[in-house]
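Participant: Supplied in structure tokens, the structure appears directly below.
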Amino acid sequence: MTFLTNLICVAVAAFAVHVPMQAQAQQLQTFGTKAKVLVIDDTGLSAEQTKQLRSFTKKRSYFGAFAASPSTGRWDAETGFSSQAKVQEFVRGKCNILGGTSDCKIVAVSIPTSLTVSTTNATGLSLAQLEYFEQTYLKNTRRYPRDYAAFAVNGFFAVARWGRGHEARAVSDALADCRRYGARFKGQDTAEVYKLRVKLGLLECSVIDVRRHKDRN
1351 MTFLTNLICV AVAAFAVHVP MQAQAQQLQT FGTKAKVLVI DDTGLSAEQT
1401 KQLRSFTKKR SYFGAFAASP STGRWDAETG FSSQAKVQEF VRGKCNILGG
1451 TSDCKIVAVS IPTSLTVSTT NATGLSLAQL EYFEQTYLKN TRRYPRDYAA
1501 FAVNGFFAVA RWGRGHEARA VSDALADCRR YGARFKGQDT AEVYKLRVKL
1551 GLLECSVIDV RRHKDRN
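Under my numbering, the first residue of the sequence shown is numbered 1351, with each subsequent residue one higher.
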């Protein structure tokens, strides 16, 4: 199959975020709650790689990628990243590193259904981050309407903290825990895979929302 290279920018904001000045945060786009998988090039796959590809196509969680090495049988897949380009580069690189090869290719990608084609410049909250924002973070800001809450993300997960008496405390706690959780990958990844994760900025944390529920009503 031919890889579609048309670059588009399609996003519908599902919520408004208040960016705290002291957090130097970025605002991220949201893409809705549905995902689809596009198979780019599945030629030359082994039976096991084909089996794993079928499993990947059922996950329906953006942004994701499936990479495989035709020569070694190695495959790797990830979902839940906040950048299509970075998840593809990470999965391809991880596949090459752990497989001891250089021929890993992107076989399939998982993207929001709101994107009509695969586009490597799509960046925003992953589906998992969006669901955590809506189902956990917002719910808890309502539980503590007079206290501050902050929502932090990195390249593939999110951390939220709520019930803080001061805005700065909410921001610092969310950032600190985001960085602490990210540091765990140093012990889980191989040295080369962790180096790739750092190189791509996947562990860099930003606060994208801070609020008191009572101020929104």
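C-beta atoms are modelled at their ideal positions from N, C-alpha and C, and glycine is treated no differently.
Note that the structure is predicted; figures quoted are calculated from it, not measured.
Would you tell me roughly how many angstroms separate the C-alpha atoms of K1536 and V1543, rounded to the nearest one?
Facilitator: Computed Cα separation, rounded: 9 Å.
Participant: Going by the beta-carbon positions, is the gap between F1413 and A1472 smaller than 8 Å?
Facilitator: Yes, the Cβ-Cβ distance between F1413 and A1472 is below 8 Å.
Participant: Is E1484 helix, strand or coil by DSSP?
Facilitator: It is helical.
Participant: Name the DSSP bridge partner or partners of R1562?
Facilitator: Paired residues: Y1498.
Participant: DSSP puts V1557 in a beta bridge; with which residues?
Facilitator: Looking at the DSSP assignment, V1557 forms a beta bridge with A1502.
Participant: Any idea what DSSP makes of I1295, helix, strand or coil?
Facilitator: Residue 1295 lies beyond the range of the chain shown here (1351 to 1567); nothing can be said about it.
Participant: Which residue's Cα is closest to the Cα of T1400: R1562, A1418, F1440?
Facilitator: Selected option, being the one with the closest Cα: A1418.
Participant: Tell me, please, which residues DSSP counts as bridged to D1426.
Facilitator: Paired residue(s): A1417.
Participant: Checking the sheet assignment: what are the DSSP bridge partners for I1456?
Facilitator: According to DSSP, which records beta bridges pairwise, I1456 is partnered with A1417.
Participant: Can you find the residues in the same chain that come closer than 8 Å, C-beta to C-beta, to A1510, ignoring five residues on each side of it along the sequence?
Facilitator: Y1482, F1483, T1486, Y1487, N1490, A1499, A1500, F1501, A1502, A1524.
Participant: Following the continuous beta strand (DSSP E) through K1386, name the residue where it begins and the one where it ends.
Facilitator: Element bounds for K1386: 1385-1389.
Participant: With distances taken Cα to Cα, identify the nearest neighbour of L1388 among S1460, G1443, E1398.
Facilitator: The shortest C-alpha separation from L1388 is found at S1460.
Participant: Would you say the segment 1548-1559 touches the segment 1512-1526, given that touching needs at least three Cβ pairs under 8 Å?
Facilitator: At 8 Å Cβ cutoff, the stretches touch.
Participant: With a CB to CB cut of under 6 Å and the five nearest residues on each side skipped, what residues in its chain are close to I1426?
Facilitator: In the sequence on display, residue 1426 carries Asp and not Ile. So the list reads A1417, V1441, K1444, C1445, once near-sequence residues are dropped.
Participant: Looking at the unbroken beta strand (DSSP E) that takes in A1508, where does it start and where does it end?
Facilitator: A1508 -> beta strand (DSSP E) spans 1508-1514.
Participant: Go to F1406, then tell me how far its alpha helix (DSSP H) extends in each direction, as first and last residue.
Facilitator: It spans 1397-1407 - the alpha helix (DSSP H) in which F1406 sits, taken as one unbroken run.
Participant: Considering R1442, what are the terminal residues of the alpha helix (DSSP H) in which it resides?
Facilitator: Per DSSP, R1442 belongs to the alpha helix (DSSP H) from 1434-1449.
Participant: Can the beta-carbon of R1404 be found less than 8 Å from the beta-carbon of A1385?
Facilitator: Against a cut-off of 8 Å, the Cβ pair of A1385 and R1404 comes out as no contact.
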